[in-house]
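Protein chains in written order, with our numbering: chain A, 1 to 262; chain B, 263 to 498.
Take a look at the structure set out below.
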């Protein structure tokens, strides 16, 4: 018989007591953010109601950056620690998925906001362009994770790639900044989209950042657990298949033959 | 076994590197894939840019950018080719089993790739002069040569590194452009500005040198990164 040493009691969900509490706190945070972001905080003098996009835009950007930093750190821990624990690799993968999702949200929401504030969806400035590159880089990272091979191959490949991204992104940012220095910003209706934040707006923004950080923690824990389950499923599938083949090749004992005949 | 001095190790490493580079260039010379397929591809891309833009003055102005873009498209094909040769018959595994160091492999393949890219870029500059009416200003020749060398080396190292990553994997043909193009963006920006200055398409020659510097920094960073990371990427 194949026994699966999970080290954990068999359960049908990835939730535990702690993550349930975390989830509830996150949901309360979201409700709080909606209340403050959409109703209680004031409109901006220059931007009017559109400033409320900030409370979604800035926290998702923060979440995405946080996620990518965790991916890089977890990849480094996988590669440089002697144990080469796949848990770090799965954390890196889970974090990157969430990062890509929220970087996408940041870009879409940011473009909508840009249309309202600047009159255009896109400005070729260093921050926007680097963000787009970051997004594409991690989409590539996720594709590399799905290349196939053993979990160790996947971990090594994607780990190296995550660390290369740490090299790439500052270079891209620096070169785009130099490149933008060459041109003057044109066709922008209101060049400074800066928002003067009063107390309540700042409070709402920080609530957003805290809520999104909790949301990140909640999502990344669940996703890491499902990735663990996926890897386990692969192992179990392989072991079952091996056991099956082995059973076929072992000559049956007399009792088994007798049982089959009767 | 006698102790080997660091100098011996270095000279053995360099010997291996040269052998790998020579082998790659020999494979290319015998198959003539770059010469008969990649170079003509780059040429036709330049002609297609002409159709798409259809304005002689504008073409002269943006020729440096088009040269770099055509180089990058060709880089993708050259990298595929460079690693298709390795994965066939398990050549890469055989080399590693034979004790060839991964850094020598990386450098050897990069040198061969850089040589092909340098030839390709030279061809594209000639094409830009012929098709787009670009001119080289005498004061810009040194800048042009420096950028040419730095861009070839930078693109070759990063191409070899990411080629190694995707080598042997299913779907690598479609994955490589997604991985590689965002990474080479600094070279596109830097080399385009430097070549613009050298050709007189924009600004003075002195404006071009910092951009050349950017490309050189890129080449140095990915050369170092590749030397360290190539081993873990290809060991499987």
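Idealized CB from N, CA, C, for every residue including glycine.
### Task
Please list, in chain order, all residues of the same chain as residue 441 of chain B whose beta carbon is under 8 angstroms from its beta carbon, the five residues on each side excluded.
Your numbering for residue 441 of chain B matches position 179 in the second chain. Counting only Cβ-Cβ distances below 8 angstroms, and skipping sequence neighbours, we find 424, 427 and 428.
### Message
Please classify residue 320 of chain B as buried or exposed, where buried requires at least 16 other C-beta atoms within 10 Å of its C-beta.
### Response
The count along the second chain starts at 1 and reaches residue 320 of chain B at position 58. Exposed is the call here.
### Query
Which residues in the same chain as residue 122 of chain A place their Cβ atom closer than 7 angstroms to its Cβ, once the five residues preceding and following it in sequence are excluded?
As a first step, residue 122 of chain A is located in the first chain; it is residue number 122 there, counting from the start. Once the five neighbours on either side are set aside, the close Cβ partners of residue 122 of chain A are 111, 114 and 128.
### Task
Run down chain B in chain order and give the residues with a C-beta less than 8 angstroms from the C-beta of residue 148 of chain A.
For the purposes of this step, residue 148 of chain A is taken as residue 148 along the first chain, with counting starting at 1. By Cβ distance, chain B contributes 431 and 432.
### Query
residue 44 of chain A bridges to which residues according to DSSP?
Looking up residue 44 of chain A in the first chain gives position 44. Looking at the DSSP assignment, residue 44 of chain A forms a beta bridge with A/48.
### Task
Name the residue from A/222, A/234, A/233 and A/168 whose alpha carbon lies nearest to the alpha carbon of residue 15 of chain A.
In the first chain, the residue the question calls residue 15 of chain A occupies position 15. The residue with the shortest Cα to Cα distance from residue 15 of chain A is A/222.
### Task
Please list the partners that residue 494 of chain B has in chain A, where partner means a Cβ-to-Cβ separation under 9 angstroms.
As a first step, residue 494 of chain B must be located in the second chain, where it is residue number 232. Within 9 angstroms Cβ-Cβ: 79, 156, 157, 159 and 160.
### Message
Measuring straight from C-alpha to C-alpha, what distance separates residue 78 of chain A and residue 207 of chain A?
### Response
Translated into positions along the first chain, residue 78 of chain A becomes position 78. Translated into positions along the first chain, residue 207 of chain A becomes position 207. Using only the alpha carbons, I get a separation of about 33 angstroms.
### Query
Within the 8 angstroms Cβ cut-off, does residue 122 of chain A reach chain B?
Here residue 122 of chain A refers to the residue found at position 122 of the first chain. Output row for residue 122 of chain A: interface = no.
### Query
How about residue 460 of chain B and residue 467 of chain B: are their beta carbons less than 8 angstroms apart?
Taking the first residue of the second chain as position 1, residue 460 of chain B is located at position 198. Taking the first residue of the second chain as position 1, residue 467 of chain B is located at position 205. Taking 8 angstroms as the Cβ cut-off, residue 460 of chain B and residue 467 of chain B qualify as a contacting pair.
### Task
Would you kindly work out how many angstroms separate the C-alpha atoms of residue 490 of chain B and residue 369 of chain B, rounded to a whole number?
As a working note, residue 490 of chain B is residue 228 in the second chain. As a working note, residue 369 of chain B is residue 107 in the second chain. For residue 490 of chain B and residue 369 of chain B, the distance between alpha carbons rounds to 11 angstroms.
### Message
Counting beta carbon pairs with one atom in the stretch 361-379 of chain B and one in the stretch 438-453 of chain B, are three or more of them shorter than 8 angstroms?
### Response
no
### Query
Hey, quick one: how far does the alpha helix (DSSP H) through residue 147 of chain A stretch, first residue to last?
Counted from its first residue, the first chain places residue 147 of chain A at position 147. For residue 147 of chain A, there is no enclosing alpha helix (DSSP H), since its DSSP letter is neither H nor E.
### Message
Counting only Cβ pairs nearer than 7 angstroms, list the residues of chain A close to residue 457 of chain B.
### Response
Position 195 of the second chain, counted from the start, is the residue given in the question as residue 457 of chain B. Simply none; closest approach about 14 angstroms.
### Query
For the stretch 336-373 of chain B, which segments carrying the alpha helix (DSSP H) assignment without a break, of at least 4 residues, lie completely within its bounds, in sequence order?
Residue ranges of uninterrupted alpha helix (DSSP H) with 4 or more members, entirely inside the stretch 336-373 of chain B and ordered along the chain, are 353-359.
### Query
To the nearest angstrom, how far is it from the Cα of residue 145 of chain A to the Cα of residue 488 of chain B?
Stepping through the first chain from its first residue, residue 145 of chain A is reached at position 145. Stepping through the second chain from its first residue, residue 488 of chain B is reached at position 226. If you take the alpha carbons of residue 145 of chain A and residue 488 of chain B, they lie about 20 angstroms apart.
### Task
Can you tell me which of B/465, B/287, B/430 and B/445 puts its alpha carbon nearest to the alpha carbon of residue 351 of chain B?
Taking the second chain and counting its residues from 1, the one referred to as residue 351 of chain B is at position 89. Nearest neighbour of residue 351 of chain B by Cα position, chosen from B/465, B/287, B/430 and B/445, turns out to be B/430.
### Task
Could you name each continuous beta strand (DSSP E) segment of 3 residues or more that falls completely within the stretch 81-141 of chain A, going from the start of the chain to the end?
Complete beta strand (DSSP E) runs here, min 3: none at all.
### Message
For residue 148 of chain A and residue 323 of chain B, I'd like the C-alpha separation in whole angstroms.
### Response
For the purposes of this step, residue 148 of chain A is taken as the residue at position 148 of the first chain. For the purposes of this step, residue 323 of chain B is taken as the residue at position 61 of the second chain. Residue 148 of chain A and residue 323 of chain B: Cα-Cα distance of roughly 45 angstroms.
### Message
Any beta carbon of chain B sitting closer than 8 angstroms to that of residue 168 of chain A?
### Response
In the first chain, residue 168 of chain A corresponds to position 168, counting from 1. Against chain B, the CB of residue 168 of chain A has a partner CB under 8 angstroms away; the residue lies at that interface.
### Query
By Cβ distance below 6 angstroms, which residues in the same chain neighbour residue 485 of chain B in space, the five residues on each side in sequence not counted?
Along the second chain, one-based indexing puts residue 485 of chain B at 223. Around residue 485 of chain B: 419.
### Message
Which residue marks the beginning of the alpha helix (DSSP H) containing residue 228 of chain A, and which one marks its end?
### Response
Position 228 of the first chain, counted from the start, is the residue given in the question as residue 228 of chain A. It spans 199-249 - the alpha helix (DSSP H) in which residue 228 of chain A sits, taken as one unbroken run.
### Message
If I measure Cβ to Cβ from residue 218 of chain A and keep anything under 8 angstroms in the same chain, skipping five residues before and after, which residues do I get?
### Response
Residue mapping note: residue 218 of chain A aligns to position 218 of the first chain, counting from 1. The answer, listed in chain order, is 19, 22, 23 and 26.
### Task
Select from the stretch 437-452 of chain B all residues with a C-beta closer than 7 angstroms to any C-beta belonging to chain A, and list them in chain order.
437, 440, 441, 444, 445, 447, 448, 451 and 452
### Message
Would you say residue 176 of chain A lies against chain B (beta-carbon separation less than 8 angstroms)?
### Response
As a first step, residue 176 of chain A must be located in the first chain, where it is residue number 176. Output row for residue 176 of chain A: interface = yes.
### Query
When you compare only the Cα positions, how much space is there between residue 465 of chain B and residue 396 of chain B?
Here residue 465 of chain B refers to the residue found at position 203 of the second chain. Here residue 396 of chain B refers to the residue found at position 134 of the second chain. The straight-line gap from Cα to Cα measures roughly 15 angstroms.
### Task
Go to residue 440 of chain B, then tell me how far its alpha helix (DSSP H) extends in each direction, as first and last residue.
If you number the second chain from 1, residue 440 of chain B lands on position 178. Residues 434-461.
### Query
Helix, strand or coil: which one does DSSP assign to residue 266 of chain B?
Walking along the second chain from the start, residue 266 of chain B turns up at place 4. Three-state result, residue 266 of chain B: coil.
#### Entry: residue 430 of chain B (DSSP reduced to helix, strand or coil)
Within the second chain, residue 430 of chain B is the residue found at index 168, counting from 1. Looking at residue 430 of chain B - three-state DSSP - the assignment turns out to be coil, as it is neither helix nor strand.
### Query
Of all the residues that make up the stretch 467-497 of chain B, which are near chain A by a beta-carbon distance shorter than 7 angstroms?
476, 480, 483, 487, 491, 494 and 495
### Query
Does any C-beta atom of chain A lie closer than 8 angstroms to the C-beta of residue 337 of chain B?
Here the question's residue 337 of chain B lines up with position 75 in the second chain. Judged by the 8 angstroms Cβ criterion, residue 337 of chain B is not in contact with chain A.
### residue 169 of chain A (DSSP reduced to helix, strand or coil)
In the first chain, residue 169 of chain A corresponds to position 169, counting from 1. Correct three-state label for residue 169 of chain A: helix.
### Task
Please classify residue 294 of chain B: does DSSP put it in a helix, a strand, or coil?
As a first step, residue 294 of chain B must be located in the second chain, where it is residue number 32. Coil at residue 294 of chain B, not helix or strand.
### Task
Look at residue 228 of chain A and residue 162 of chain A and say whether their C-beta atoms are less than 8 angstroms apart.
Translated into positions along the first chain, residue 228 of chain A becomes position 228. Translated into positions along the first chain, residue 162 of chain A becomes position 162. Going by C-beta atoms, residue 228 of chain A is not nearer than 8 angstroms to residue 162 of chain A.
### Query
Going along the chain, which residues of its own chain have a beta-carbon closer than 8 angstroms to the beta-carbon of residue 130 of chain A, five neighbours each way excluded?
Indexing the first chain from 1 puts residue 130 of chain A at position 130. Contacts found: 169, 172, 173 and 176.
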